[in-house]
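For reference, the structure is listed below as structure tokens.
Residue numbers (my numbering): 2 to 99.
Okay, here's the thing in structure tokens:
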């Protein structure tokens, strides 16, 4: 039997934070099922590492992937909720400054 992939529910990353979330802390999960998932996670890693050139290239790749057919229409409730979560995250950080 093979081991579950790193970052999965049964083999969480050593940096997994789900168990550390505050009760009122907003979070957003990107699942492997999402066709943009791996590219978005890679973009996040490049930005976090300060690799602006690689981040720019990855963003261009993402834009090319979505130019032909966006994963979901702008009218999608899931799309609107994503913006609401983003705003909630920003507001939470402002009220929980260290």
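For each residue, glycine too, the CB sits at the ideal point set by N, CA and C.
Reduced DSSP secondary structure (H/G/I, E/B, other) of residue i
{"i": "residue 87", "result": "helix"}
{"i": "residue 9", "result": "strand"}
{"i": "residue 4", "result": "coil"}
{"i": "residue 45", "result": "helix"}
{"i": "residue 21", "result": "helix"}
{"i": "residue 92", "result": "helix"}
{"i": "residue 81", "result": "helix"}
{"i": "residue 68", "result": "helix"}
{"i": "residue 57", "result": "helix"}
Pick from the options that is closest to residue i, judged by C-alpha positions
{"i": "residue 35", "options": "27, 58, 21 and 66", "result": "66"}
{"i": "residue 33", "options": "99, 81 and 6", "result": "6"}
{"i": "residue 72", "options": "56, 37 and 83", "result": "37"}
{"i": "residue 96", "options": "75, 49, 23 and 82", "result": "23"}
Strand pairing of residue i, partner residues [DSSP]
{"i": "residue 38", "result": "DSSP, once it has assigned bridges, lists no residue as partnering residue 38."}
At least 3 beta-carbon pairs within less than 8 angstroms: the stretch 90–98 vs the stretch 23–37: yes
The stretch 55–66 / the stretch 36–44 touching (three or more Cβ pairs under 8 angstroms): yes
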